[in-house]
Every structure is written in structure tokens, then in C-alpha cells.
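Take a look at the structure set out below.
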Ligand SMILES: [Zn+2]
């Protein structure tokens with residue numbers, strides 16, 4: 176394994192950002208190559224600690240000559256967001272200088288060719304970071320962008336064009352659900368990673384591109400990290416990046432597979448305090464109460480209730496218990512298209 180450090184000059188004098196890149200050289204030029212990055216939204220760390228738990232397995236494989244395909248790993252993908260604190264609260268989702276989501280507005284290329292990357296000489300620092308991350312990921316068949324939700328089950332966003340070819344990956348990782356999206360996502364890293372393959376019109380059977388949502392933002396603990404690392408390792412073995420005869424091939428994927436349009440986000444009808452009736456993983460029936468928003472405490476009519484618009488599974492819920500009117504409260508994975516379906520975009 177070799178470590179290098181990427182450096183990005185800041186927008187002002189005297190400021191630069193650095194992040195480490197860990198690389199394994201594969202022994203087989205024909206084997207699939209994998210790129211893993213975590214914490215693009217800088218405060219989302221389940222993927223960072225999963226990578227930490229994965230490394231001893233990869234180092235052992237390297238020592239035993241079992242790394243076939245090259246691996247490029249970026250455990251802290253966003254040193255800019257990492258440094259953003261406002262009044263003591265970490266702000267790792269949007270760049271404070273441009274107000275742009277760190278997982279939007281990546282360059283979209285018509286083929287996976289470094290020559291097509293934009294010139295970032297006069298770009299803002301967050302645009303420089305995005306071009307650098309995309310450049311690091313180019314040339315890899317497997318691109319995993321590790322994120323997390325607020326509170327939730329483990330799930331994947333997958334481009335619909337790559338399904339069901341990626342079912343083995345979902346099974347290997349042991350996620351609960353796969354959300355299929357198509358079209359535009361605001362140029363999230365996932366879209367920027369799959370776009371060159373789709374635009375070039377080549378075969379897609381080796382291509383794995385996904386945004387991995389590793390549960391909730393507070394699910395950062397040793398046992399979970401080791402479980403997620405084992406899932407990543409199974410995926411790498413299943414796709415031939417790492418050789419390990421002791422790892423069985425993944426069986427069929429047994430989780431929920433649904434188009435993005437089937438998600439009900441359930442905006443809060445009032446501002447106030449949220450009392451949830453459900454948690455991630457719960458099955459609900461149409462008409463079940465999901466939450467009560469206490470907006471005039473102690474007063475007649477001071478509660479607003481939120482009911483399930485269809486049968487489904489609770490995938491996520493917000494971790495805070497204070498809400499504005501209109502803030503989304505949960506992701507309900509329904510069987511049918513949501514009447515509130517948001518156009519195409521990934522949530523992360
Ligand atoms: Zn994220």
C-alpha cells in the first residue's frame with residue numbers, strides 16, 4: 176500500500192487543503208479496479224471508519240499476493256467541509272463560500288477520459304476539490320461513494336441502467352434497500368461517475384457505481400464498522416478485485432428494490448417538536464400514524480399528526496426532534512409511486 180497526499184490551494188492566500196490517498200497496486204492488469212471514497216459530506220463518518228476496518232483485510236491480502244485489481248481509497252474526501260464550523264456546529268454538507276452542496280455540480284464528461292476534465296485554474300476551491308476527486312476515480316470500474324443518512328437502514332442509490340447487474344454487490348454489502356434513479360441528479364458524484372459510461376455507450380457489466388448510505392450519522396461504532404468492512408470486502412472479492420477463496424459468492428439480493436419515485440418524504444405540516452411513532456425498519460400500513468408535531472404545546476388542537484399515505488417500510492427519519500414546517504420527516508419506501516414524488520434527484 177502506498178500513501179500520497181493531495182493538496183488543493185484555497186481561494187485565499189495562506190490556505191491550502193490536503194487529504195490522503197491510499198493505493199494498492201493490482202497484480203492483474205485485466206482485473207476490475209476499485210475506487211472508494213468516504214465523507215464527501217464531511218461529517219458523515221460511518222464510511223470512513225468502515226474503510227479503517229477494511230484496511231487490515233486489504234493489507235493481509237496484499238501480503239499474500241491476493242490483490243488483483245488496483246484499489247484507490249480516499250477515507251477523508253472533503254478537507255474543506257471538514258474545517259467548516261459555525262458557532263461550534265459542524266457544517267459539512269454545503270460549501271460555505273458558494274452555498275453549493277459538496278455532492279452536486281460535479282463535471283459531467285462524455286467519456287471516462289482525464290483530458291475532458293475542466294480546467295480549474297480560476298475555479299472556486301470546492302470546484303477544484305470536485306474535479307480532483309473525479310480525476311482520482313477515473314479509470315476504475317467500481318466506484319463506491321460512502322455516505323450516511325440522518326437515522327436509517329443501510330441502503331444504496333444505484334443508476335437504473337446498472338440494475339440488476341449490481342444485485343451481487345447489494346447482496347455482498349448486506350444493505351436493506353436499493354433505490355434506483357434515472358436521468359439527472361444535479362450532477363452528484365454518482366452521476367458524474369456513471370455519466371461517461373452511459374454517454375460512451377460501452378458495455379456496463381463491469382461497471383459498479385453507487386452512493387452507499389451507511390445508516391445514520393451517529394452509527395459510528397466498532398462493530399458496525401467491522402460489519403460494513405466485511406461487506407465491502409465481500410463485494411471486492413465477488414467482483415474479482417481481491418482473490419479470497421474463503422469468501423462465498425453472494426446469494427440473491429433479498430432487500431427492497433424500488434424506484435426513487437416510490438419514496439414519500441413526509442414534510443412536517445407545522446413547525447414544532449416531533450414525536451415519532453416509527454423508526455427505520457418499521458413496516459407501516461396506509462393510514463398508520465408516523466409522527467405527531469407538537470406546535471402549540473398544551474393547547475386544544477395544538478398537535479398535527481402525520482399519517483402514512485401508502486403501505487411501505489420506514490427507511491430513514493430525521494435525527495433532530497425540532498422541525499420547521501415543510502421539513503421532511505421520514506423516507507417511507509412505498510409499493511407505488513408517491514403522490515409527492517420528487518423529480519429524479521438523489522437525496523444525497
Ligand atoms: Zn452524504
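In the numbering used here, the protein residues as written are 176 to 523.
Where a beta carbon is used, it is the ideal one built from N, C-alpha and C, also for glycine.
Quick caveat, the model's predicted, so the values are computed rather than measured.
Pick from the options that is closest to residue i, judged by C-alpha positions
i, options, result
"residue 226", "243, 242, 240, 252", "252"
"residue 359", "398, 335, 347, 412", "335"
"residue 218", "295, 206, 308, 392", "392"
"residue 409", "367, 463, 423", "423"
"residue 306", "240, 374, 183", "183"
"residue 472", "454, 448, 480, 350", "448"
"residue 301", "278, 316, 314, 322", "278"
"residue 289", "347, 351, 367", "367"
"residue 434", "347, 517, 311, 343", "517"
"residue 478", "484, 466, 487", "466"
"residue 206", "421, 504, 412, 342", "412"
"residue 494", "286, 211, 297, 324", "324"
"residue 202", "245, 232, 215, 211", "245"
"residue 480", "453, 458, 522, 490", "453"
"residue 231", "365, 197, 370", "197"
"residue 346", "365, 428, 491, 255", "428"
"residue 341", "398, 371, 316", "316"
"residue 378", "322, 417, 286", "286"
"residue 418", "220, 239, 515", "239"
"residue 559", "247, 204, 241", "The structure shown does not extend to residue 559, since the chain is modelled only from 176 to 523, so the question has no answer here."
"residue 490", "457, 512, 513", "457"
"residue 179", "365, 514, 389, 250", "250"
"residue 364", "188, 181, 522, 258", "522"
"residue 221", "492, 330, 312", "330"
"residue 216", "376, 259, 344, 430", "259"
"residue 513", "492, 496, 485, 503", "485"
"residue 421", "204, 503, 188, 241", "241"
"residue 299", "322, 399, 275", "275"
"residue 328", "344, 343, 446, 394", "394"
"residue 144", "461, 446, 476", "An answer regarding residue 144 cannot be provided, because it is not within the stretch 176 to 523 covered by the chain."
"residue 235", "255, 261, 204, 199", "199"
Rounded separation between residue i and residue j - CA only
i, j, result
"residue 474", "residue 186", "52 Å"
"residue 442", "residue 332", "21 Å"
"residue 356", "residue 192", "33 Å"
"residue 542", "residue 415", "With the chain covering 176 to 523 only, the question about residue 542 has no answer from this structure."
"residue 237", "residue 440", "44 Å"
"residue 437", "residue 362", "21 Å"
"residue 177", "residue 432", "38 Å"
"residue 507", "residue 451", "13 Å"
"residue 500", "residue 463", "21 Å"
"residue 295", "residue 190", "17 Å"
"residue 292", "residue 243", "28 Å"
"residue 349", "residue 444", "35 Å"
"residue 381", "residue 470", "51 Å"
"residue 374", "residue 270", "29 Å"
"residue 229", "residue 404", "5 Å"
"residue 487", "residue 505", "12 Å"
"residue 284", "residue 401", "35 Å"
"residue 314", "residue 510", "37 Å"
"residue 369", "residue 224", "25 Å"
"residue 211", "residue 319", "5 Å"
"residue 372", "residue 209", "15 Å"
"residue 390", "residue 265", "19 Å"
"residue 304", "residue 181", "10 Å"
"residue 188", "residue 496", "41 Å"
"residue 263", "residue 280", "28 Å"
"residue 354", "residue 515", "16 Å"
"residue 376", "residue 498", "45 Å"
Inter-residue CB distance, residue i and residue j (contact presumed, cutoff 8 Å)
i, j, result
"residue 384", "residue 337", "6 Å"
"residue 455", "residue 326", "6 Å"
"residue 339", "residue 309", "So it is not a contact: roughly 27 Å between Cβ atoms."
"residue 468", "residue 483", "Incorrect: roughly 15 Å between the Cβ atoms, too far for contact."
"residue 267", "residue 257", "7 Å"
"residue 351", "residue 430", "5 Å"
Please go through the segment 384–435 and give each complete alpha helix (DSSP H) segment of 4 or more residues, from N-terminal end onward.
-> 397–413
Which whole runs of the alpha helix (DSSP H) in the segment 279–305 are 4 residues long or more, in chain order?
-> none
Ranges of the alpha helix (DSSP H) found wholly within the segment 340–368, counting only runs of at least 4 = 342–348
Which parts of the segment 218–258 are runs of the alpha helix (DSSP H), unbroken and 4 residues or longer, counting only runs that do not cross its ends?
-> 221–238, 254–257
Contiguous beta strand (DSSP E) assignments of at least 3 residues, all confined to the segment 456–519 = 464–469, 478–482, 487–492, 505–509
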